[in-house]
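Note that our numbering has the sequence shown beginning at 4, numbered continuously upward.
Ideal Cβ placement from N, Cα and C applies to all residues, glycine included.
Keep in mind that this is a model prediction, so the values were computed, not measured.
Working notes, beginning with the structure itself.
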Amino acid sequence: MRSETDDAKSTDSAADCYVPATSPFGHGDRLLPYTDGVSEARNADGDFYPLAERATAGADKAPGPLVEQLAADVRAHTGGRLNDLAMIALQRDRTAPRAA
Numbered sequence: 004m005r006s007e008t009d010d011a012k013s014t015d016s017a018a019d020c021y022v023p024a025t026s027p028f029g030h031g032d033r034l035l036p037y038t039d040g041v042s043e044a045r046n047a048d049g050d051f052y053p054l055a056e057r058a059t060a061g062a063d064k065a066p067g068p069l070v071e072q073l074a075a076d077v078r079a080h081t082g083g084r085l086n087d088l089a090m091i092a093l094q095r096d097r098t099a100p101r102a103a
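The structure is reproduced here in structure tokens:
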């Protein structure tokens, strides 16, 4: 059974591990969050899926088709052996809105 002290310790230690940060997210920039099922995906030889390489190669694609291509590529890389697979591509509009 956990006590209030145990909860406080886990909360304190978790807070020590994470530091809030900000990064610029300019017009046309993309963000590709994904689960560890993508970053830890391995083929039959034990090679990790080369996500950075494949995402960069698909940089000319719109977010939806990029995610579809990467998901199919991860499945092919692993032979369909996946723990989980989740990702989403977010893109800020390429142009700034016009001033009113």
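- Excluding the 5 residues flanking it on each side, Gly29 has same chain C-beta neighbours closer than 8 Å at Arg95, in chain order.
- Boundaries for Arg97: no alpha helix (DSSP H) harbours it, and the DSSP string shows neither H nor E there.
- Excluding five sequence positions before and after Ala99, the CB atoms of its chain that fall closer than 8 Å to its own CB belong to His30, given in chain order.
- According to the DSSP assignment, Leu85 belongs to no alpha helix (DSSP H), since it is labelled neither H nor E.
- Exclusion of the five residues before and after Met90 leaves Leu35, Pro36, Tyr37, Thr38, Val41, Val70, Leu73, Ala74 as the residues of its chain whose Cβ lies within less than 8 Å of its Cβ.
- The straight-line gap separating the alpha-carbon atoms of Asp48 and Ala55 is approximately 19 Å.
- A distance below 8 Å separates the beta carbons of Leu93 and Pro66.
- In this structure Tyr52 is buried. Its beta-carbon is surrounded by 16 or more other beta-carbon atoms within 10 angstroms.
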